[in-house]
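For what it's worth, this note's numbering labels the leading residue of the sequence shown as 792, then goes sequentially.
Note that CB positions come from ideal geometry on N, CA and C, so glycine has one too.
All of these numbers come straight from a predicted model, not from anything done at the bench.
Read through the structure below, which is laid out as structure tokens, and then see the notes.
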Amino acid sequence: MIRDGQQPTNYVPKWTMFPGKSLPSNNTLVTTASASNSREASSGDARSGEVVDNTKQLRVGVINRQLKCDKRGVEIYENQYGDLIKITKILEIYEEKTMKMFKELNKDRLITAKDNIYNILFHRRHSLKCYREAKGYSYPLQKVKFIVGYKEIKIEILLELTGEIVTLEYGCLRGDRCAVVYGDSTFQLDKSCDEVAAVDFHFLLKSPLLQLAELEFFFEPYNPQYPAHFPDTSVLARVARMFLDQRIAVTSVKKLSFMFTREVMFMEKSARFRHDSSIIGLFLKHLKSCYLEEIVLRVWNDHNLITSSKDLQTVIREFVERNKKTEIQMEGLILECDSWKNAKILNIEDSLIARDWARFLHFHTVCVLQMDVNRILNAKNIFQQKDMLPYNGFTIQVQEEMNLAEIRIVFQEIRDLVVTGVGNNQLVASCLTNDKKDCIIITIDNRNIVITHRRSRKNERVELETDN
């Protein structure tokens, strides 16, 4: 229905399904900086007189889905019959000039200039010697944003010291070929845009001493030019696979923002309302758990996509009738990661993500889109259960303002809940846990719900039971 005969794009296949494939050799050397500093280049089997077509194609169902690739990103150059000058001879010259450029940069291993970052990313491709030298540099990266689109992938990098934006773009061309844009420079490679973007992303995140304030994975909004197409998220599986050989978590990220799609539920009749959490789980396993503080989760807005297709509307209607809900539950590998367990803030300001309080107890703060009185009571009922007390000082931050008057009226009708204080834009209520051992205090203002607890006192138990 979405793509005939294809697996969902967030499906992680077994290795046996993807036998090794030898990519075409790339027999034209590329450069981002000529002697005149023109910053224009192309690569691939481009010969004199050949017309270079940079028309971007739809990534969905076109690109090579092989997950395994060379993480170093070094190009292969082979001499061909009929070449006036051997390509390997030209390679030696480029390698020599690249090493001279690196020698100049070696005066300061911290690379702060945009052009130098572009040049390092580009020239590391010439040979293993260039790659080994390039991977020793550090970059003052504040935020890295990985953007998945219908025709291209983008990596946006915010530099910490200057506030400048470094932009890397990877467009899908005809066949297994891509156009790469580093700043003002464009060139072509005989590889899929997904592979090149994944390799560059891995190279940046593996730079020495990297400490990111934020790492974000984002999908471009629905494009009506491609009806019934979810964004192709398979590139995230490719990226995540590159970090699997690390025995320990090595990347320091303060805030991780991740976006899911609901494509799986439209591809499998037996699927529930869920997301594939295995991909974010792989990223979380790679991040230093003692460093990660905040996790932001979002679901890609598929409303316009669904309303544009009667078939998708039928699937949604059947799911709602069968499951009686549309919210996505947190499940799978994500819940097993130390980074998930040790993070302090969870931001799920999205109507499609369920407030599964039993799995959020370890967070200090949970940010949600809205909380009505029924949701508050549902949270209270969970906290009252055995071993379900949240972190002491647990805060629920609510984006949409709550109706305190309505909450107060309902609270006063609940048997096991006592309103102990009403003030200016604030409401305080308390209740006992089901085993009567602890007292839970709920403090609510217009946009915050704070949960604290303490051991209950004997007279307090009697008073609450009498009131009830």
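Compare the C-alpha of residue i against each of the options and name the closest.
i, options, result
"ARG1199", "ARG1029, VAL1213 and THR1186", "VAL1213"
"ALA1004", "GLU960, GLU1084, LEU1152 and ARG1166", "GLU1084"
"LEU1208", "ASN1215, ASN1194, SER1221 and VAL1201", "SER1221"
"GLU1192", "LEU1168, VAL1164 and ILE1205", "VAL1164"
"THR903", "ASN1095, LEU949 and ARG1029", "LEU949"
"ILE1242", "GLU1197, LYS1171 and LEU1195", "LYS1171"
"VAL1090", "LEU995, ASN1239, SER1080 and MET1121", "MET1121"
"PHE1102", "MET1056, TYR961, TYR909 and LEU932", "Position check: residue 1102 holds Asp in this sequence, whereas Phe was assumed. Here the closest residue by C-alpha is MET1056."
"LYS1076", "LEU1160, ILE1233, ASP1129 and PHE1202", "ASP1129"
"ILE1071", "SER1025, GLU887, ASP1229 and ILE911", "SER1025"
"ASP985", "ILE908, ARG1032 and ALA1149", "ARG1032"
"VAL987", "ASP1023, LEU912 and ASN1194", "LEU912"
"PHE1174", "HIS1155, ILE1231, GLN1217 and VAL1189", "ILE1231"
"ASN1095", "LEU1137, VAL1159 and PHE1021", "PHE1021"
"VAL1159", "LEU1180, ILE1187 and ARG1206", "ILE1187"
"TRP1131", "VAL1157, THR1052 and GLN1217", "VAL1157"
"LEU1006", "GLU947, PHE994 and ARG965", "GLU947"
"LEU1027", "PHE1154, LYS997 and PHE1010", "PHE1010"
"ASN916", "ASP861, ILE1167, SER998 and ASN1138", "Per the sequence presented here, residue 916 reads as Arg, with Asn not at that position. Ranking ASP861, ILE1167, SER998 and ASN1138 by Cα distance to ARG916 puts ASP861 first."
"VAL1201", "ASP1093, LEU882, ARG1166 and ASP1178", "ARG1166"
"MET1179", "THR1224, HIS1155, MET1162 and SER918", "THR1224"
"PRO999", "LEU932, THR1105, TYR1082 and ILE938", "LEU932"
"PHE1074", "ASP1023, ASP906, SER1099 and LEU1124", "LEU1124"
Could you give the first and the last residue of the continuous beta strand (DSSP E) run that contains residue i?
i, result
"PHE1049", "1043–1051"
"ARG1246", "1239–1246"
"THR1211", "1209–1214"
"LYS934", "932–939"
"THR1224", "It is not in any beta strand (DSSP E) - THR1224 carries neither H nor E in the DSSP assignment."
"SER976", "976–980"
"LEU1265", "This structure leaves residue 1265 out entirely; the chain is present only between 792 and 1259."
"LEU950", "943–950"
Drop a sphere of 10 angstroms on the beta-carbon of residue i, count the other beta-carbons inside from all chains shown, and report buried for 16 or more, exposed for fewer.
i, result
"PRO1015", "exposed"
"GLU1112", "exposed"
"SER1142", "exposed"
"GLY954", "exposed"
"ARG1245", "exposed"
"ASP1226", "exposed"
"GLU866", "buried"
"ASP975", "exposed"
"LYS982", "buried"
"ILE884", "exposed"
"GLY811", "Model confidence at GLY811 stands at a pLDDT of 35, short of 50, so the residue's coordinates are unreliable; what they give is reported in the following sentence. Burial call: exposed."
"ARG1248", "exposed"
"GLU1054", "buried"
"ILE1240", "buried"
"ASN817", "Note that ASN817 has pLDDT 37, beneath the 50 cutoff, so the model's placement of it is unreliable and the number below is only indicative. So ASN817 counts as buried."
"CYS969", "buried"
"LYS934", "buried"
"CYS963", "buried"
"ILE944", "buried"
"GLN979", "buried"
"ASP1023", "buried"
"PRO1181", "buried"
"ILE1139", "buried"
On the premise that residue j lies in contact with residue i, defined as a C-beta separation below 8 Å, what is that separation, rounded to the nearest angstrom?
i, j, result
"VAL1087", "LYS1046", "7 Å"
"ARG863", "TYR922", "5 Å"
"THR958", "LEU1001", "Actually they are not in contact, since the Cβ atoms of THR958 and LEU1001 sit about 19 Å apart, beyond 8 Å."
"ILE1144", "GLU1118", "6 Å"
"TYR930", "LEU896", "Between LEU896 and TYR930 the Cβ distance is about 12 Å, and since that is not below 8 Å, they are no contact."
"THR879", "HIS914", "No, THR879 and HIS914 are not in contact; Cβ-Cβ is about 17 Å, not under 8 Å."
"LEU1195", "ASN1237", "7 Å"
"TYR909", "TYR973", "4 Å"
Per DSSP, residue i forms a beta bridge with which residues?
i, result
"SER1130", "Answer by DSSP bridge pairing: none, since SER1130 is not bridged."
"ASP1229", "ARG1246"
"SER929", "LEU901"
"GLU1007", "LYS936 and SER1048"
"VAL1030", "Its beta-bridge partners do not exist; DSSP assigns none."
"CYS984", "For CYS984, which the question treats as bridged, DSSP gives no partner whatsoever."
"LYS1171", "BP columns for LYS1171 are empty, so no partner."
"ASN1138", "VAL1087 and CYS1158"
"ALA970", "GLY962 and GLN979"
"LEU1078", "THR1042"
"THR1186", "THR1156 and VAL1241"
"VAL957", "ILE948"
"LEU1218", "VAL1213 and ILE1235"
"GLN1002", "SER1043"
Beta carbon of residue i: closer than 6 Å to some heavy atom of the ligand MN?
i, result
"GLY1072", "Ligands in the displayed structure: none, and consequently the ligand MN is not present."
Hey, quick one: how far does the alpha helix (DSSP H) through residue i stretch, first residue to last?
i, result
"PHE1202", "1195–1202"
"THR1024", "No alpha helix (DSSP H) contains THR1024, which DSSP labels as neither H nor E."
"VAL917", "One point to set straight first is that residue 917 is His, not Val, in the sequence displayed. From DSSP, HIS917 is part of no alpha helix (DSSP H); its letter is neither H nor E."
"THR1098", "1094–1098"
Determine, for residue i, whether the minimum Cβ-Cβ distance to residues of chain C falls below 7 Å.
i, result
"TRP1131", "No chain C appears in the structure shown, which is made up of a single protein chain."
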